[in-house]
Structure formats: structure tokens, C-alpha cells
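Numbering (UniProt numbering), first residue to last: 1 to 167. What follows is one structure encoded as C-alpha cells, with my remarks underneath.
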């Protein structure tokens, strides 16, 4: 996870100034100055990306990745639902999981005109890439072709953190 963390840190550092409100950028910069120049022993400031995005599509490569990002970005269960339900239903489908997650949000009727979505994917090596989208229109789930639409009413499902394996 340390290598993944470094890739994510680089990605966030590059993306942040492009999408975050000035208030978050100033808090980040002030903390950085305090730590690096003034040698203060304070925790690094992790910007609130919920101020920049309404929706998050996080590469559903495994539960540990989702848990770490949920914790570090302080995301809610609602924000994580598309990623967790995609992992539950389709498994690790590599980068295509991002599109299943976006389709989940669309099928749930969550995507409204002007909403912003952050797709964040991890790859081999270890790579981290982001795509940022703004909805040009409100998505009507009934009018769209969607891999979730026939059973979206069954989701979310409960996914336990620990599952016992009976022998």
C-alpha cells in the first residue's frame, strides 16, 4: 500500500490545484509551509475533495484499496457505494470498473446537471490516473442503456467486512 499511497499522493498533488476551491488550497499550502519551512510537527493537510466533487468512482481493485481511500479522503458510505457495489457484483474488472461505477450512479438517478465526478484508477507499476467529468445534463435512468438498470432496485446490498469460511 505504500507504493500505491505515493502514486495517489502525486496524483492528488497534481489534480488539487485544478479542482479544489481556493480555501482548500490555502489550507494545504499553509500546512505545507508550516511543516517544511517552519519545521512544525503537524500532520499533513488532506484537502476535502468532497468540496470539488459530488461523485467518486474509485478503481474497485479490492476492498483494501477502497477502505484506505474512504478513510484517507474521509468519504461517506454514500460516496463509496458505487465502488463497493461494483466490486461486489462484477469483481475486479480492472479499469472498466470505473465505468460500471459511473453507470451505477446514473442508474440510481444521482447524476444531475453540473455534478462533478472524479474517476481515479490504479494500474501496474504503480500508476494512478484521474479523470474529471462534469454532467452536461441530468441523467434519466429510464431513458439510458445501463448494465445496472434491470436490478438497480436490489442495491445497495450489505457487504460484511469479515466473512467466516465454514469448512
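For every residue, glycine included, the Cβ atom is placed at its ideal position computed from N, Cα and C.
Whole-Å CB distance - residue i paired with residue j, under 8 Å assumed
{"i": "residue 106", "j": "residue 146", "result": "6 Å"}
{"i": "residue 19", "j": "residue 132", "result": "6 Å"}
{"i": "residue 116", "j": "residue 137", "result": "With a Cβ gap of about 14 Å, residue 116 and residue 137 do not count as contacting."}
{"i": "residue 100", "j": "residue 93", "result": "7 Å"}
{"i": "residue 114", "j": "residue 141", "result": "No, residue 114 and residue 141 are not in contact; Cβ-Cβ is about 18 Å, not under 8 Å."}
{"i": "residue 88", "j": "residue 157", "result": "6 Å"}
{"i": "residue 16", "j": "residue 47", "result": "6 Å"}
Where residue i falls: helix, strand or coil (DSSP)
{"i": "residue 148", "result": "coil"}
{"i": "residue 155", "result": "coil"}
{"i": "residue 46", "result": "coil"}
{"i": "residue 65", "result": "helix"}
{"i": "residue 134", "result": "strand"}
{"i": "residue 140", "result": "coil"}
{"i": "residue 165", "result": "coil"}
{"i": "residue 89", "result": "helix"}
{"i": "residue 8", "result": "helix"}
{"i": "residue 71", "result": "helix"}
{"i": "residue 22", "result": "helix"}
{"i": "residue 17", "result": "helix"}
{"i": "residue 76", "result": "coil"}
{"i": "residue 109", "result": "coil"}
{"i": "residue 38", "result": "coil"}
{"i": "residue 103", "result": "helix"}
Beta carbon of residue i nearer than 8 Å to that of residue j
{"i": "residue 59", "j": "residue 122", "result": "yes"}
{"i": "residue 90", "j": "residue 75", "result": "no"}
{"i": "residue 112", "j": "residue 159", "result": "no"}
{"i": "residue 69", "j": "residue 45", "result": "no"}
{"i": "residue 66", "j": "residue 24", "result": "no"}
{"i": "residue 97", "j": "residue 86", "result": "yes"}
{"i": "residue 130", "j": "residue 139", "result": "no"}
{"i": "residue 128", "j": "residue 10", "result": "yes"}
{"i": "residue 148", "j": "residue 53", "result": "no"}
Beta-bridge partners of residue i, as assigned by DSSP
{"i": "residue 127", "result": "123"}
{"i": "residue 55", "result": "117"}
{"i": "residue 84", "result": "Per DSSP, none; premise fails for residue 84."}
heavy atom of the ligand ZN below 7 Å from residue i C-beta
{"i": "residue 72", "result": "This structure lacks the ligand ZN, and indeed carries no ligand of any kind."}
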